[in-house]
Amino acid sequence: MSQNSPSRWAMIGRETGRALTAVVIALIVALVVILLTSADPGAAFQTLLTAPLSSNRTMGLWIDDVAKLTLTGLAFSLVFQARQFSMGVQGQVYMGGLFAALIAMSPIGATPMAIPVAMLAAMCAGAVYGFIPGYAKARFGASEIVSSLMLNYIAILIVNYLIRAHLAPQGTGQLATAKFPDTAIYPAILPGTRFDLGILVALVATFVVWFLLYRTNWGLKLRLVGHNPKFAEYSGIRSSFIMVSAMTVAGAFGGLLGSVFVQGRAFGNLAQNFDGNLAFEGILIAIVARSRPLAVPFVALAYGYLRQGAQLMGIRTDVPTEMISVVQAIIILLVASSFSLPGKKFFANLLGRKTTPAAAPEAAK
Amino acid sequence: MAPLLEAISIGKTYPGGTVANDGVNLTIAAGEVHAVVGENGAGKSTLMKILFGIEQPDRGELRLDGKPVSFPTPRDAIDNGIGMVFQHFSLVPSFSVYENVVLGSEPRNGIKFDRQKAIEEVRALSEKFRLAVDPLPPVGQLPVGQQQRVEILKALYRNARILILDEPTAVLAPQEVEELFVAVRALVAQGRTVIFIAHKLPEVLAISDRITVMRAGKTVGSVNAKEVTEQSLATMMVGREIALRVDRAKGRGDLACEVKALKLTAESGAPIAEDLNLKVHQGEILGLVGVEGNGQAELLEAIAGLRAIADGVVYLNGDKLNPLSTLERRERGLASIPEDRIARGLATGATIAENLVATRLADKRYVRNGLLDLKAIKAQALKLIERYSIRAGGPGYPVGTLSGGNMQKVVVARELSEQPKLLLVNQPTRGVDLGATQFIWKSLTEARDGGAAVLLSSADLSELLALSDRLVVFYRGKIVAAFVNSDDLTAETLGTYMLGLSRQDPETMRAAFQ
Numbered sequence: 001m002s003q004n005s006p007s008r009w010a011m012i013g014r015e016t017g018r019a020l021t022a023v024v025i026a027l028i029v030a031l032v033v034i035l036l037t038s039a040d041p042g043a044a045f046q047t048l049l050t051a052p053l054s055s056n057r058t059m060g061l062w063i064d065d066v067a068k069l070t071l072t073g074l075a076f077s078l079v080f081q082a083r084q085f086s087m088g089v090q091g092q093v094y095m096g097g098l099f100a101a102l103i104a105m106s107p108i109g110a111t112p113m114a115i116p117v118a119m120l121a122a123m124c125a126g127a128v129y130g131f132i133p134g135y136a137k138a139r140f141g142a143s144e145i146v147s148s149l150m151l152n153y154i155a156i157l158i159v160n161y162l163i164r165a166h167l168a169p170q171g172t173g174q175l176a177t178a179k180f181p182d183t184a185i186y187p188a189i190l191p192g193t194r195f196d197l198g199i200l201v202a203l204v205a206t207f208v209v210w211f212l213l214y215r216t217n218w219g220l221k222l223r224l225v226g227h228n229p230k231f232a233e234y235s236g237i238r239s240s241f242i243m244v245s246a247m248t249v250a251g252a253f254g255g256l257l258g259s260v261f262v263q264g265r266a267f268g269n270l271a272q273n274f275d276g277n278l279a280f281e282g283i284l285i286a287i288v289a290r291s292r293p294l295a296v297p298f299v300a301l302a303y304g305y306l307r308q309g310a311q312l313m314g315i316r317t318d319v320p321t322e323m324i325s326v327v328q329a330i331i332i333l334l335v336a337s338s339f340s341l342p343g344k345k346f347f348a349n350l351l352g353r354k355t356t357p358a359a360a361p362e363a364a365k
Numbered sequence: 001m002a003p004l005l006e007a008i009s010i011g012k013t014y015p016g017g018t019v020a021n022d023g024v025n026l027t028i029a030a031g032e033v034h035a036v037v038g039e040n041g042a043g044k045s046t047l048m049k050i051l052f053g054i055e056q057p058d059r060g061e062l063r064l065d066g067k068p069v070s071f072p073t074p075r076d077a078i079d080n081g082i083g084m085v086f087q088h089f090s091l092v093p094s095f096s097v098y099e100n101v102v103l104g105s106e107p108r109n110g111i112k113f114d115r116q117k118a119i120e121e122v123r124a125l126s127e128k129f130r131l132a133v134d135p136l137p138p139v140g141q142l143p144v145g146q147q148q149r150v151e152i153l154k155a156l157y158r159n160a161r162i163l164i165l166d167e168p169t170a171v172l173a174p175q176e177v178e179e180l181f182v183a184v185r186a187l188v189a190q191g192r193t194v195i196f197i198a199h200k201l202p203e204v205l206a207i208s209d210r211i212t213v214m215r216a217g218k219t220v221g222s223v224n225a226k227e228v229t230e231q232s233l234a235t236m237m238v239g240r241e242i243a244l245r246v247d248r249a250k251g252r253g254d255l256a257c258e259v260k261a262l263k264l265t266a267e268s269g270a271p272i273a274e275d276l277n278l279k280v281h282q283g284e285i286l287g288l289v290g291v292e293g294n295g296q297a298e299l300l301e302a303i304a305g306l307r308a309i310a311d312g313v314v315y316l317n318g319d320k321l322n323p324l325s326t327l328e329r330r331e332r333g334l335a336s337i338p339e340d341r342i343a344r345g346l347a348t349g350a351t352i353a354e355n356l357v358a359t360r361l362a363d364k365r366y367v368r369n370g371l372l373d374l375k376a377i378k379a380q381a382l383k384l385i386e387r388y389s390i391r392a393g394g395p396g397y398p399v400g401t402l403s404g405g406n407m408q409k410v411v412v413a414r415e416l417s418e419q420p421k422l423l424l425v426n427q428p429t430r431g432v433d434l435g436a437t438q439f440i441w442k443s444l445t446e447a448r449d450g451g452a453a454v455l456l457s458s459a460d461l462s463e464l465l466a467l468s469d470r471l472v473v474f475y476r477g478k479i480v481a482a483f484v485n486s487d488d489l490t491a492e493t494l495g496t497y498m499l500g501l502s503r504q505d506p507e508t509m510r511a512a513f514q
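If you read the sequences in order, they're chains A and B. Residue numbering for the first sequence follows this note's numbering, beginning at 1 and increasing consecutively. Residue numbering for the second sequence follows this note's numbering, beginning at 1 and increasing consecutively.
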């Protein structure tokens, strides 16, 4: 509800402030680690912070990451809002990527229909793959965390097997398919970079997820189930249906991400282990964005920047890319624990501010 | 002589900005029973937590025997001879009574736990203070009243001179209340001091020597129990005259809901209720009396569709309810105010507007083609906030930001804004202050006058006696008595049936059902 909400902007400000503080603390820790490990810490840290802006090409890399992080962040936000902890985005990405690749390599791949049909196929595959753990939970009480994680491995291994045994060009020993026809690869928005259709797909998806969650009956039911499943049951909402459908719809977005991966300019083919574990970073995006779809692209923008900076740092300096895991871990820790800074009161007293806001006493308990 | 315990201009503001205590004064003399009364949110619990070292005051001073003290932790309070019994017990159900009592300060024999000594000490304590309880059985098997005694023994075992009882009677049947009072008097006779937090004014007047009244975080005043009446205390508590009386139904209509040979079982298969037979007519309130856990709550859940029915039938206006889903039952005019508003009745993270519309998501006024009509939802929320005088910032505020009474009003507003045919009500005013109680009672009687058949369950017998037209008493999952409500019917009479001390013959019960 947009109007009459309590201090909506205050909340956005508070959350943004918290996220930024977390980033700053994480970067300070990163700096310390770099200082301890690098021969030239200054250059390494500067690369981490500025490299993504160094050229059109690196900016393209950044935006490409943002698109992908947004999509995985949205998929996780959807299930998190229904308070389901399905971790299956990675599996959905592989299934979506596989089906997008199959369409791209079929006769349809050479027609103008290649991109929409492949995207649709990827979404359907992802949806089916998201549906499975949901159904298993609703029907048999299987924990969606376990089943979705297991399904991830199944998907990765199926895709890897198919590539090696059937889809890679015969006799080359490659672990990837041949390049798709041009008609099946996303057009570049900035020629020569990875700045392609993917970012538009991500932005449209953001709007769609927001609309689904906040403007439809299904979305309200989903959020109510997430807030309090017992309340939903009592209100006459079929929570198992909502649960399964939330996981299915989130799966469609996971599948769509598969299409963005394989048909994007970064790949243009289906390779083994193509997601580079990016799918899981959607958890961080969703947590920092508090599962709010409209916040997801902004978080992805900021986090994608750090991620790209770390990758360039790994290439150009002696500090490994894995450094970013430290930053990531600290951000998750700080944001997820809704930290409040120690010494906050001390600073408040120092600044002469009294912490006695007037409030309605009847709210006291 | 200095008073035993003094709290002087205590102030406490919670981090959220809630001012819970604002210049509170409390003076406790040795050897008295001192009641602290006030509406919910008046700051009683906060004051007690400060006395027991759970919360720290921002301002003010505590004095024990005239000397300033501070209790950074409950441990310090205990060491100074203060004991507290919470409303929700902190006992280990699988441990025996004596183990629970001595837990943390066990008598030792070398490095070994001296069980024999522990048992003897507990037995001696329970005899000395007339808190009869067998030290040997596991606490989990005892009824609530006995568990409470174990809690009191725990405090006494730690040499509490001052015993704080936080709403001790809320969970007890009338006879158990009487036994508790005997124990309290025994305590006082042996020189202990009791601070008694309570809601129910007749009990307060019966047991206490002095009464301190709190309102909105401040102390209104302290009075001698002998010099006040229930009415004048109530006026002090709310700051205005209130009348807790409701009009009885003028006459009842046709049969609305019938429960026939209903059997309910727990998931383990253990029976919860058996052979329940009930009839409720339009325009009447049927009170379900019973100590909690005797099947009343489960019956309401089963009718609402939240619990499987093992056997038997529920009819609403001639239709079988058994095969219908919760939503279909609601569409046939069933409404329900659940026992626990936070666990069941609301989504506290969602907004007021969303909570108010949650049960009407199949209604064309609010949802068309799967899309929410946000304007209509907001307008409806504004209307209900106004009509039910819910104190809130607006429809977009999360329900969790409201006080208990206002949360309950949101539930009542949602369930009663459209005239129900069958209304299930469980603990409508638990933890709700007098002003809101009055309002909720009025809403219930209005629903009744509008033709609803109402099933009301409550732990508060005075509430049941005030609202019900007829009453049935539950004991161990069976209906053991039925009454037509009248001024002659007392809580004590109901109590003997609630505790299973007596049971009506089928003829008398049938007569009350006519």
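Beta carbons: idealized from backbone N, C-alpha and C, even for Gly.
Compare the beta carbon distance of residue 139 of chain B and residue 93 of chain B with 7 Å and say whether it is the shorter of the two. The residue you call residue 139 of chain B lines up with position 139 of the second sequence. The residue you call residue 93 of chain B lines up with position 93 of the second sequence. Contact flag set, yes.
What do you get for residue 62 of chain A, buried or exposed, if any count of 16 or more other CB atoms within 10 angstroms of its CB means buried? Numbered from its first residue, the first sequence carries residue 62 of chain A at position 62. Buried, because 16 or more other Cβ atoms sit within 10 Å of the Cβ of residue 62 of chain A.
In angstroms, rounded to a whole number, what distance separates the CA positions of residue 155 of chain B and residue 54 of chain B? Locating residue 155 of chain B in the second sequence gives position 155, counting from the first residue. Locating residue 54 of chain B in the second sequence gives position 54, counting from the first residue. Roughly 16 Å separates the two Cα atoms.
Min CB distance residue 349 of chain B to chain A below 7 Å: Position 349 of the second sequence, counted from the start, is the residue given in the question as residue 349 of chain B. So, interface residue.
Under a CB-based cut-off of 7 Å, is residue 412 of chain B close to chain A? For the purposes of this step, residue 412 of chain B is identified with residue 412 of the second sequence, where counting begins at 1. Using a Cβ-Cβ cut-off of 7 Å, residue 412 of chain B does not count as an interface residue toward chain A, since no Cβ of chain A sits closer than that to its own.
Opposite residue 46 of chain B in the DSSP bridges: which residues? Indexing the second sequence from 1 puts residue 46 of chain B at position 46. In DSSP, residue 46 of chain B forms no bridge with anything.
Just checking: is the beta-carbon of residue 227 of chain A within a distance shorter than 7 Å of some beta-carbon in chain B? Mapped onto the first sequence, residue 227 of chain A falls at position 227. Yes, because at least one Cβ of chain B sits closer than 7 Å to the Cβ of residue 227 of chain A.
Residues sharing a beta bridge with residue 6 of chain B, DSSP: Along the second sequence, read from residue 1 onward, the residue named residue 6 of chain B stands at position 6. Note: residue 6 of chain B sits in a beta bridge opposite B:27, B:63.
Of the residues B:502, B:382, B:274, B:434, which one's Cα is nearest the Cα of residue 410 of chain B? As a working mapping, residue 410 of chain B is identified with position 410 in the second sequence. The residue with the shortest Cα to Cα distance from residue 410 of chain B is B:382.
How is residue 128 of chain B classed by DSSP in three states: helix, strand or coil? On the second sequence, position 128 is the one that residue 128 of chain B refers to. Residue state, collapsed to three classes: helix.
Nearest-angstrom Cα separation, counted from residue 95 of chain A out to residue 302 of chain A: Here residue 302 of chain A refers to the residue found at position 302 of the first sequence. Here residue 95 of chain A refers to the residue found at position 95 of the first sequence. Computed Cα separation, rounded: 28 Å.
May I ask you to report which of helix, strand or coil DSSP gives residue 274 of chain B? Locating residue 274 of chain B in the second sequence gives position 274, where the first residue counts as 1. It is a strand residue.
When we look at the beta-carbon of residue 422 of chain B and count the other beta-carbons within 10 Å, is it buried (16 or more) or exposed? Numbered from its first residue, the second sequence carries residue 422 of chain B at position 422. It counts as buried.
Checking the sheet assignment: what are the DSSP bridge partners for residue 426 of chain B? Reading the second sequence from its first residue, position 426 is the one you call residue 426 of chain B. The partner list for residue 426 of chain B (beta bridge, DSSP) reads B:457.
Proximal residues to residue 90 of chain B (C-beta, below 6 Å), its chain only, five neighbours per side dropped: For this step, residue 90 of chain B is matched to residue 90 along the second sequence. Here the set comprises nothing.
Just confirm the distance between the C-beta atoms of residue 481 of chain B and residue 472 of chain B, as a whole number of angstroms; I'd bet it's less than 8 Å. Stepping through the second sequence from its first residue, residue 481 of chain B is reached at position 481. Stepping through the second sequence from its first residue, residue 472 of chain B is reached at position 472. At roughly 7 Å, the Cβ-Cβ gap stays under 8 Å, so residue 481 of chain B and residue 472 of chain B are in contact.
So, using beta-carbon positions, are residue 258 of chain B and residue 279 of chain B closer together than 7 Å? In the second sequence, counting from the first residue as 1, residue 258 of chain B sits at position 258. In the second sequence, counting from the first residue as 1, residue 279 of chain B sits at position 279. Yes.
Members of the region 226–257 of chain A that neighbour chain B once the beta carbon cut-off is set at 9 Å: 226, 227, 228, 230, 231, 232, 233, 234, 235, 236, 237, 238
Please report whether the beta-carbon of residue 235 of chain B lies at a distance below 7 Å from any beta-carbon of chain A. Your numbering for residue 235 of chain B matches position 235 in the second sequence. With 7 Å as the cut-off, residue 235 of chain B does not count as an interface residue toward chain A.
Pull up the CB-CB distance for residue 29 of chain A and residue 330 of chain A, whole angstroms please, since I reckon it's below 8 Å. What you label residue 29 of chain A is simply residue 29 of the first sequence in a count that begins at 1. What you label residue 330 of chain A is simply residue 330 of the first sequence in a count that begins at 1. Between residue 330 of chain A and residue 29 of chain A the Cβ distance is about 6 Å, and since that is below 8 Å, they are a contact.
What would DSSP say about residue 34 of chain B, mapped onto helix, strand or coil? Along the second sequence, one-based indexing puts residue 34 of chain B at 34. Residue 34 of chain B: strand per DSSP, three-state reduction.
Residue 152 of chain A, buried or exposed, once every other Cβ within 10 Å from all chains shown has been counted against 16: Residue numbering aside, residue 152 of chain A sits at position 152 when the first sequence is read from its first letter. When all chains shown are included, residue 152 of chain A counts as buried.
Do three or more CB pairs link the region 214–233 of chain A to the region 346–359 of chain B at distances below 8 Å? Taking one beta carbon from each stretch, the region 214–233 of chain A and the region 346–359 of chain B have 3 or more pairs nearer than 8 Å; the two touch.
Cutoff 7 Å; reference residue 363 of chain A; Cβ partners in own chain excluding five residues on either side: On the first sequence, position 363 is the one that residue 363 of chain A refers to. Any answer about residue 363 of chain A is weak, because its pLDDT of 36 lies below 50 and its placement is not dependable; what the coordinates show is given next. None.
Using DSSP's beta-bridge definition, name the partner residues of residue 262 of chain B. Reading the second sequence from its first residue, position 262 is the one you call residue 262 of chain B. For residue 262 of chain B, which the question treats as bridged, DSSP gives the partners B:276.
Given residue 52 of chain A as reference, the closest of A:212, A:237, A:194, A:8 once Cα atoms are compared: Translated into positions along the first sequence, residue 52 of chain A becomes position 52. Considering only A:212, A:237, A:194, A:8, the residue with the shortest C-alpha distance to residue 52 of chain A is A:194.
Residue 296 of chain B beta carbon less than 7 Å from that of residue 462 of chain B: The residue you call residue 462 of chain B lines up with position 462 of the second sequence. The residue you call residue 296 of chain B lines up with position 296 of the second sequence. Contact flag unset, no.
Measure from the C-beta of residue 367 of chain B to each C-beta in chain A and report whether the shortest distance is under 7 Å. Looking up residue 367 of chain B in the second sequence gives position 367. For residue 367 of chain B, the answer is yes, since a Cβ of chain A falls inside 7 Å of its Cβ.
Sorry if obvious, but does the Cβ on residue 157 of chain B come closer than 6 Å to a heavy atom of the ligand SAH? This structure does not include the ligand SAH; it has no bound ligands of any sort.
Residue-level contact to chain A via CB, residue 522 of chain B, 7 Å cutoff: For chain B, the structure presents residues 1 to 514; residue 522 of chain B sits outside this window and is missing.
Does any residue of chain A have a CB that is nearer than 7 Å to the CB of residue 508 of chain B? Start at 1 with the first residue of the second sequence, and residue 508 of chain B comes out as number 508. For residue 508 of chain B, the answer is no, since every Cβ of chain A falls outside 7 Å of its Cβ.
Please state the DSSP three-state secondary structure of residue 371 of chain B. Position 371 of the second sequence, counting from 1, holds the residue named residue 371 of chain B. For residue 371 of chain B, the three-state secondary structure derived from DSSP is strand.
Under 9 Å between beta-carbons, which chain B residues line up against residue 218 of chain A? List them in chain order, please. The count along the first sequence starts at 1 and reaches residue 218 of chain A at position 218. At a beta-carbon threshold of 9 Å, the residues of chain B lying near residue 218 of chain A are 370, ordered along the chain.
Just checking: is the beta-carbon of residue 213 of chain A within a distance shorter than 7 Å of some beta-carbon in chain B? Within the first sequence, residue 213 of chain A is the residue found at index 213, counting from 1. No, because no Cβ of chain B sits closer than 7 Å to the Cβ of residue 213 of chain A.
Starting from the C-beta of residue 191 of chain B, find all residues in its chain whose C-beta is less than 7 Å away, skip the five residues before and the five after it, and write them out in chain order. Position 191 of the second sequence, counted from the start, is the residue given in the question as residue 191 of chain B. Excluding sequence neighbours, residue 191 of chain B sits near 31.
Tell me which residues share the same chain as residue 251 of chain A and place their Cβ nearer than 6 Å to its Cβ, disregarding the 5 neighbours each side in the sequence. Looking up residue 251 of chain A in the first sequence gives position 251. For residue 251 of chain A, where only same-chain residues beyond five positions count, the Cβ hits under 6 Å are 92, 126, 127, 129, 130.
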